[in-house]
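Heads up: the structure comes next, in structure tokens.
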Amino acid sequence: MLIRELLSDTMLSRYSCVILDEAHERTLRTDILFGMVKELQKKRLELSKENEKNGSNVTPLKIIIMSATLDAERFSEYFNNAKILYISGRQHSVRIFNTVEPQSDYLDSALLTIFQIHMEQQPGDILVFLTGQEEIESMEKLINEHGSQLPNDGMKILPCPIFAALPPAQQAKVFSPAPPNTRKVILATNIAETSITISGIRYVIDTGLVKVRGYNSKIGIESLLISPISKSSSRQRTGRAGREAPGICYRLYTEATFDSLDENTEPEIKRCNLASAVLLLKASGVHDILGFDYMDRPSRTSLIRALEQLYALGALSDSGELTELGKKMAEFPLDPMYSKVLFESQKAKCTQEIIAIISLLSVDGVFFSPHDKRAEAAEAKKKFISRDGDHITLLNVLTAYLSVNGDRDWCRENFINVRAMKHVMDVRKQLTQLCTRLNISPTTSCGQDYDVVLKCFLAGFFQNTALLQPDGGYKTVVGGMTVYIHPASVMFGKKVEAIVYNELVFTTKHYLRGISGIQANWLPQAAPKYFNNVPVPQ
């Protein structure tokens, strides 16, 4: 929001003070903001000194950086040796137990520790840090199985999962007090480190792992891998046990492993695609992208790749300046590829459908598949599936959702995530307003002609394409890499001559997600300059 404010008012003239909270999280946008507000502070200070001479009313800008776990000296040094103010929080003592030996199966160790605490320790809820939905669901199942064998006269155990795709009603259970004579076991991702605070926690089980998204700028591939946490994250997790009373933290790794951890988590700016950040910098008047004052400088390769991608999308001219299209693309709070798709929809007369699909892709997933009702959820999904692929399947979901006015019961019956759909509607409304402001009619529809919709996506995602090989597999057009369709895609198990995809993620294999079938002869039409230079894999 602050970056959008900076684009419309580069001096932030309506503000005298800016607070940047949770600064330790070091997301891509916060890192860009650090550099932008630092430069702005310098400009405003110079102008305020000339205030009396030229009669301007520019005042200095105060910047406050806040965080619970911050390398304060580093931030102070970056912001011209700014003052540091330490505020002690209410923190009770927390005893830490490390394992004596490294654990080969951290899930098994976590389960063992849960029941050890339950049988031996005083009442109090347990918070377990796991890496993702799959682990959380399997742990919930295991706790229920073992919990059923506990003595009837003893304290009961209640697993409470929390992850992004979980419906709000089930997420709320985490914050509700446990029933009488029951101990809650909260199974969470790293969201419970700082983003949410749950009362009643006395015991923390830290697996020492987190799922991290990375980006290889040389080949343009994103990866989603389980990695060790940093020391600052480890301390933050430990602190969760001492918010309300003395607690205990069980680290499922050795002291030597803790000592070997990085001090802080690697900033996102050093491990993600920088195209959106570069577009924002260009739009805010920063011409020298390589010379910008980054707190942590990304690699030259990453920055050059981002510039090349923006040039291929038509956002930058031959001289590296922002084009008219580039200026318009920066108006949208979207990845540049999605912005390009949106502008292409104006020519193709399918803006209504494109806004809908982009809104649906802004959430992790609209389908909810509880582990105990997988078959019913898969059956419900069938009524929305389109042979064209995931994009039109999502469009079918929104069309049906609008036809029942977002009825909650309908969502439950069809295993549609209510919270995700509410977010989709908010994004859709925002994009509709932005299109109206830029004289793009948001109601122009192509009806059932879905080929034009997919051609629009191809205009933005022409680098994200793959061709069917004689052996039945797929190979990417850029890089010639062997890739696989993710099992969650409606295209899984199908063979079409060419596909366009939203993201390529490396987990155990190079998986494609958000996939639709296209015709191979559409590729040269989508980006003639680009495909004249890139050899198509045979």
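Quick note: the sequence shown, position 436, residue 436 per full-length UniProt numbering, numbers continuous.
The C-beta atom is built at its ideal place from N, Cα and C for all residues, glycine as well.
**Prompt:** With DSSP run on the structure shown, which of helix, strand or coil describes Val204?
**Reply:** Taking the first residue of the sequence shown as position 1, residue 204 is located at position 204. In this structure, Val204 counts as strand in the three-state DSSP scheme.
**Message:** So the candidates are Pro228, Leu467 and Tyr250; which of them puts its Cα closest to the Cα of Lys520?
**Reply:** Here residue 520 refers to the residue found at position 520 of the sequence shown. According to the sequence provided, residue 520 is Ala. The question's Lys does not apply to it. The shortest C-alpha separation from Ala520 is found at Leu467.
**Request:** Tell me whether Leu209 counts as near the ligand GTP, meaning its Cβ is closer than 8 Å to at least one heavy atom of that ligand.
**Result:** In the structure shown, the ligand GTP is absent, as is every other ligand, since no ligand is present at all.
**Within 9 Å, strictly: CB atoms of Gln346 and Ser217** = Against the sequence shown, residue 346 aligns to sequence position 346. Against the sequence shown, residue 217 aligns to sequence position 217. Contact: no.
**Asked** Looking at the structure shown, is Arg240 part of a helix, part of a strand, or coil, going by DSSP?
**Response** In the sequence shown, residue 240 corresponds to position 240, counting from 1. Three-state DSSP puts Arg240 in a helix.
**Message:** Less than 9 Å between the beta carbons of Ile358 and Val427, yes or no?
**Reply:** Mapped onto the sequence shown, residue 358 falls at position 358. Mapped onto the sequence shown, residue 427 falls at position 427. Cβ distance < 9 Å, so Ile358 and Val427 count as in contact.
**Prompt:** Are at least three pairs of beta-carbons, each pair with one atom in the stretch 393-402 and one in the stretch 186-204, less than 8 Å apart?
**Reply:** no
**DSSP three-state assignment for Ala256, whether helix, strand or coil** = In the sequence shown, the residue the question calls residue 256 occupies position 256. Reduced to three states, the DSSP call for Ala256 is helix.
**Prompt:** What is the DSSP secondary structure of Cys350, reduced to helix, strand or coil?
**Reply:** Taking the sequence shown and counting its residues from 1, the one referred to as residue 350 is at position 350. Cys350 falls in the coil class under three-state DSSP.
**Message:** Quick check on Ile191: buried or exposed, where buried means 16 or more other Cβ atoms within 10 Å of its Cβ?
**Reply:** For the purposes of this step, residue 191 is identified with residue 191 of the sequence shown, where counting begins at 1. Classification of Ile191: exposed, given that the 10 Å Cβ count is below 16.
**Message:** Using CA atoms only, rank isn't needed, just tell me which of Lys156, Gln133 and Gly132 is closest to Ile114.
**Reply:** Taking the first residue of the sequence shown as 1, we reach residue 114 at position 114. Answer by Cα proximity: Lys156.
**Item:** Other residues of its chain near Lys62: CB distance less than 6 Å, five sequence neighbours each side excluded
**Value:** Position 62 of the sequence shown, counting from 1, holds the residue named residue 62. Within the same chain, Lys62 has close Cβ partners Cys17.
**Item:** Bounding residues of the alpha helix (DSSP H) (the contiguous stretch that carries Val424)
**Value:** As a working note, residue 424 is residue 424 in the sequence shown. That run of the alpha helix (DSSP H) goes Val418 to Arg437.
**Assigned secondary structure, Ile440 (DSSP; H/G/I helix, E/B strand, else coil)** = Working through the sequence shown from its first residue, we reach residue 440 at position 440. Of the three classes helix, strand and coil, the one that applies to Ile440 here is coil, per DSSP.
**Prompt:** Per DSSP, what kind of secondary structure is Ser76 in: helix, strand or coil?
**Reply:** Mapped onto the sequence shown, residue 76 falls at position 76. In the structure shown, Ser76 sits in a helix (DSSP, three-state: H, G or I).
**Asked** Under the rule that 16 or more other beta-carbon atoms within 10 Å means buried, what is Ser8, buried or exposed?
**Response** Counting from 1 along the sequence shown, the entry for residue 8 is found at position 8. Result: exposed.
**Message:** Just to confirm before moving on: does the CB-CB distance between Ala164 and Asp364 stay below 9 Å?
**Reply:** Taking the sequence shown and counting its residues from 1, one reaches residue 164 at position 164. Taking the sequence shown and counting its residues from 1, one reaches residue 364 at position 364. It is a contact, given that the beta carbons lie within the stated cut-off.
**Item:** Start and end residues, beta strand (DSSP E) containing Tyr501
**Value:** Here residue 501 is taken as the residue at index 501 of the sequence shown, counted from 1. Ala498 to Phe506 is the extent of the beta strand (DSSP E) around Tyr501.
**Request:** Quick one: residues in its chain with C-beta nearer than 8 Å to the C-beta of His510, no 5 flanking neighbours on either side, listed in chain order?
**Result:** Numbered from 1 along the sequence shown, position 510 holds the residue referred to as residue 510. Excluding sequence neighbours, His510 sits near Ile221, Met481, Thr482, Val483, Tyr484 and Leu504.
**Asked** Do you know whose CA, among Phe75, Gly147, Cys249 and Gly89, lies nearest Ala68's CA?
**Response** As a working note, residue 68 is residue 68 in the sequence shown. The shortest C-alpha separation from Ala68 is found at Gly89.
**Prompt:** Are three or more beta carbon pairs between the stretch 242-259 and the stretch 134-152 nearer than 8 Å?
**Reply:** no
**Prompt:** When you compare only the Cα positions, how much space is there between Val477 and Gln352?
**Reply:** Taking the sequence shown and counting its residues from 1, one reaches residue 477 at position 477. Taking the sequence shown and counting its residues from 1, one reaches residue 352 at position 352. So the two alpha carbons sit approximately 29 Å from each other.
**Prompt:** By a C-beta neighbour count over all protein chains shown, 10 Å radius and 16 as the cutoff for buried, is Ala172 buried or exposed?
**Reply:** Taking the sequence shown and counting its residues from 1, one reaches residue 172 at position 172. It counts as exposed.
**Item:** Per DSSP, the bridge partner or partners of Cys249
**Value:** By 1-based counting over the sequence shown, the position of residue 249 is 249. Looking at the DSSP assignment, Cys249 forms a beta bridge with Ile96 and Val204.
**Request:** With a 10 Å radius around its C-beta and 16 neighbouring C-beta atoms as the bar for buried, classify Ile117 as buried or exposed.
**Result:** Reading the sequence shown from its first residue, position 117 is the one you call residue 117. The residue in question, Ile117, is buried, as its Cβ has 16 or more Cβ neighbours within 10 Å.
**Asked** Can you list the alpha helix (DSSP H) stretches of 4 or more residues lying completely in the stretch 87-152, in chain order?
**Response** 106-120 and 133-147
**Asked** For Val397, which of helix, strand or coil comes out of DSSP?
**Response** As a working mapping, residue 397 is identified with position 397 in the sequence shown. It is helical.
**Prompt:** Could you give the distance in angstroms between the alpha-carbon of Glu344 and the alpha-carbon of Tyr530?
**Reply:** Position 344 of the sequence shown holds residue 344. Position 530 of the sequence shown holds residue 530. Approximately 17 Å between the Cα atoms of the pair.
**Asked** In terms of alpha-carbon separation, which member of Gln91, Glu73 and Lys373 lies closest to Leu85?
**Response** Locating residue 85 in the sequence shown gives position 85, where the first residue counts as 1. For Leu85, the nearest C-alpha among the options comes from Glu73.
**Prompt:** How many whole angstroms separate the CB atoms of Leu20 and Ile87, which I take to be in contact at a CB cut-off of 8 Å?
**Reply:** The residue given as residue 20 occupies position 20 in the sequence shown. The residue given as residue 87 occupies position 87 in the sequence shown. Incorrect: roughly 16 Å between the Cβ atoms, too far for contact.
**Request:** Would you please state the rounded distance, in angstroms, between the beta carbons of Cys272 and Tyr215? I believe it to be under 8 Å.
**Result:** Numbered from 1 along the sequence shown, position 272 holds the residue referred to as residue 272. Numbered from 1 along the sequence shown, position 215 holds the residue referred to as residue 215. That pair is a contact at about 5 Å.
**Prompt:** Can the beta-carbon of Leu209 be found less than 9 Å from the beta-carbon of Phe97?
**Reply:** As a first step, residue 209 is located in the sequence shown; it is residue number 209 there, counting from the start. As a first step, residue 97 is located in the sequence shown; it is residue number 97 there, counting from the start. No; because the gap between Cβ atoms is not below 9 Å, this pair is not in contact.
**Item:** Reduced DSSP category for Pro537 - H, G, I as helix; E, B as strand; rest coil
**Value:** The count along the sequence shown starts at 1 and reaches residue 537 at position 537. With a pLDDT of only 46 at Pro537, under the threshold of 50, the placement of this residue in the model should not be trusted, and no figure is reported.
**Asked** In its own chain, which residues sit with a C-beta less than 8 Å from the C-beta of Glu145, not counting the 5 before and 5 after it?
**Response** Translated into the one-based positions of the sequence shown, residue 145 becomes position 145. Taken in chain order, the list of residues that qualify is empty.
**Prompt:** Hey, out of Gly314, Tyr401, Tyr474 and Leu454, whose CA is closest to Asn414's CA?
**Reply:** Residue numbering aside, residue 414 sits at position 414 when the sequence shown is read from its first letter. Ranking Gly314, Tyr401, Tyr474 and Leu454 by Cα distance to Asn414 puts Tyr401 first.
**Prompt:** Out of curiosity, what's the CA-to-CA distance linking Glu249 and Thr507?
**Reply:** If you number the sequence shown from 1, residue 249 lands on position 249. If you number the sequence shown from 1, residue 507 lands on position 507. Glu is not the amino acid found at residue 249; the sequence shown has Cys there. So the alpha carbons of these two residues sit roughly 29 Å apart.
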